[in-house]
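Okay, so here's the structure we're looking at.
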Amino acid sequence: MNQTASKQEWLVIVNPNAGNGKGKKDWSSISSLLKREGLTFTAKFTDRKGHATTITLEAIAEGFRKIITVGGDGTLNEVVNGVMMNRICSPGEIILALIPVGTGNDWGRMFGIPLDYEKAISIICGNKRMLHDAGLISFYNGKEKSERYFINIAGLGFESVVVRRTNIQKDKGRGGKLIYFYNLLMSLLSYKNTAAEVTIDGIKRNIKFFSLNVGNGRYCGGGMRQTPDAVPDDGLLDVTVINDIGKIEIIRNLQILYNGKILSHPKIDGYRCKNIKVVSDSIIYTEADGESLGHTPAEFSIVPGVISIIYGEYSIG
């Protein structure tokens with residue numbers, strides 16, 4: 545890899561549209577708090593999807609090694625992809641921090657990073673770090689194969705349908721904390737369970753399922769605990785498969801999506817693995833960290849201990 549003199553200041557990547565425009569509206573307050581804490585930084589704003597990845601790649605080439613994301617889980621995902629794709633230095637040399645502005649804050653929730661800006665910045669100043677695993681999903685758009693890294697949770701099936709519907713509404717300026725839950729209920733009306741060949745660490749299973757989630761993290765969809773026992777630095781992916789379950793039963797058991805007891809249901813299976821492949825006759829859409837991607841065939845794998853993150857509180861239990 546090329547040697548580039550590293551800068552000591554932070555790069556702050558701001559998504560002005562995060563949180564229904566909170567990124568733009570609250571930036572003045574956030575920047576004042578950063579300055580008050582004596583953090584020197586350069587700020588850059590995103591203006592389109594994927595822009596945070598481009599900014600990250602350019603910043604690393606310029607010598608930045610410390611990046612703060614001001615945005616939601618999707619913006620963080622783009623930054624992570626820039627870090628993983630760079631060829632200037634190893635990803636672990638880049639320090640990532642988060643000031644959550646989005647409505648979900650699912651990754652930050654796991655690490656005790658609050659929506660309160662002052663408290664989030666105090667965590668950055670505390671500089672408590674760990675090496676976090678990265679997930680990698682390969683998928684297709686038509687006949688074209690693509691890849692995307694994820695830091696929190698990826699999945700396919702029902703989850704991706706809800707994410708796709710939610711993102712369309714967000715692009716139209718409709719947001720809020722209840723938007724995901726609303727789309728979850730509405731998507732149930734038309735969704736049909738799908739048959740697929742699922743291979744987990746080389747063992748094939750032919751199943752019909754409602755959804756399949758693959759996690760480094762434990763939370764998604766604004767607080768749902770789809771992979772409640774995931775450990776972000778164990779070199780493994782946690783997989784939750786909601787099998788062929790009816791809509792009425794899903795509605796009746798909605799609480800287990802949130803209370804961490806999802807794996808207690810007899811029609812829900814949990815696995816821990818390094819690789820999972822999903823092949824299906826009909827298209828099953830995929831998503832990662834709340835970002836809509838392509839479709840099956842899809843493969844999920846793990847890149848252990850590769851991303852250096854600053855966190856607040858975190859425990860395995």
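Okay, so the sequence shown: first residue is 545 according to the numbering used here, each after it adds one. Ideal placement from N, C-alpha and C gives every residue a C-beta, glycine not left out.
### Supposed close pair W651, L620 - CB separation, criterion 8 Å
The count along the sequence shown starts at 1 and reaches residue 651 at position 107. The count along the sequence shown starts at 1 and reaches residue 620 at position 76. In this structure, W651 and L620 form a Cβ contact; the two beta carbons are roughly 6 Å apart against a cut-off of 8 Å.
### Message
Along the chain, where does the beta strand (DSSP E) containing E835 start, and where does it finish?
### Response
Residue 835 sits at position 291 when you count from the first residue of the sequence shown. 835 to 854 is the span of the beta strand (DSSP E), which, as asked, contains E835.
#### Entry: Start-to-end residues for the alpha helix (DSSP H) that takes in A664
As a working note, residue 664 is residue 120 in the sequence shown. For A664, the enclosing alpha helix (DSSP H) begins and ends at 661 to 670.
### Inter-residue CB distance, I695 and A678 (contact presumed, cutoff 8 Å)
Within the sequence shown, numbered from 1, the residue matching residue 695 stands at position 151. Within the sequence shown, numbered from 1, the residue matching residue 678 stands at position 134. That belief holds up - the Cβ atoms of I695 and A678 are roughly 6 Å apart, short of 8 Å.
### R699 (DSSP reduced to helix, strand or coil)
To locate residue 699, count along the sequence shown from 1; it is residue 155. Note that residue 699 is Gly in the sequence shown, not Arg. Here G699 sits in strand by DSSP.
### Message
Residues in the same chain with beta-carbon distance under 6 Å from G804, minus the five sequence neighbours each way, listed in chain order, please.
### Response
Position 260 of the sequence shown holds residue 804. Listed in chain order, the non-local C-beta contacts of G804 below 6 Å within the same chain comprise R769, P772, local neighbours out to five positions each way being set aside.
### Query
Where L577 and S824 are concerned, what is the direct C-alpha to C-alpha distance, given to the nearest angstrom?
Along the sequence shown, one-based indexing puts residue 577 at 33. Along the sequence shown, one-based indexing puts residue 824 at 280. So the two alpha carbons sit approximately 50 Å from each other.
### Message
Comparing C-alpha positions only, which one of E581, N630, V706, P635 sits nearest to E831?
### Response
Here residue 831 refers to the residue found at position 287 when the sequence shown is read from its first residue. Of the candidates E581, N630, V706, P635, the one whose C-alpha sits nearest the C-alpha of E831 is V706.
### Query
Mind checking whether I604 and I632 have CB atoms under 8 Å apart?
What you label residue 604 is simply residue 60 of the sequence shown in a count that begins at 1. What you label residue 632 is simply residue 88 of the sequence shown in a count that begins at 1. Yes, these two residues count as a Cβ contact at 8 Å.
### Task
Would you list the one or two residues that DSSP bridges to W554?
Here residue 554 refers to the residue found at position 10 when the sequence shown is read from its first residue. Looking at the DSSP assignment, W554 forms a beta bridge with F585.
### Query
E857 by DSSP, collapsed to three states: which one?
Looking up residue 857 in the sequence shown gives position 313. In the structure shown, E857 adopts coil according to DSSP, grouped into three states.
### Query
With a Cβ-Cβ cutoff of 8 Å, do I657 and P644 count as a contact?
Counted from its first residue, the sequence shown places residue 657 at position 113. Counted from its first residue, the sequence shown places residue 644 at position 100. Yes; because the gap between Cβ atoms is below 8 Å, this pair is in contact.
### Pair within 8 Å by beta-carbon distance, S852 and I639
Here residue 852 refers to the residue found at position 308 of the sequence shown. Here residue 639 refers to the residue found at position 95 of the sequence shown. Yes; because the gap between Cβ atoms is below 8 Å, this pair is in contact.
### Message
Taking the alpha-carbon of L729 as reference, which of S690, K588, W554, N797 has the nearest alpha-carbon?
### Response
One-based indexing of the sequence shown puts residue 729 at position 185. L729 has its Cα closest to that of N797, out of S690, K588, W554, N797.
### Task
State the start and end residues of the unbroken beta strand (DSSP E) segment that holds D782.
If you number the sequence shown from 1, residue 782 lands on position 238. Note, D782: beta strand (DSSP E), 781 to 787.
### Query
Residue ranges of each alpha helix (DSSP H) run of no fewer than 4 residues wholly in the segment 750 to 777, ordered along the chain?
Listed in chain order, nothing qualifies, since the segment 750 to 777 has no complete alpha helix (DSSP H) run of 4 or more residues.
### Query
At what residues does the beta strand (DSSP E) containing E688 begin and finish?
Here residue 688 is taken as the residue at index 144 of the sequence shown, counted from 1. From DSSP, the beta strand (DSSP E) with E688 extends over 688 to 694.
### Query
Can you give the beta carbon distance from G856 to F655, rounded, assuming they're within the 8 Å contact cut?
As a working mapping, residue 856 is identified with position 312 in the sequence shown. As a working mapping, residue 655 is identified with position 111 in the sequence shown. So it is a contact: roughly 6 Å between Cβ atoms.
### Message
For a minimum of 4 consecutive residues, which ranges assigned as the alpha helix (DSSP H) are wholly contained in the segment 571 to 656?
### Response
Here the runs fully enclosed are 571 to 580, 595 to 606, 617 to 629, 650 to 654.
### Task
Look up K791 in the DSSP assignment and say whether it is helix, strand or coil.
As a first step, residue 791 must be located in the sequence shown, where it is residue number 247. If DSSP states are grouped into helix, strand and coil, K791 belongs with the helices.
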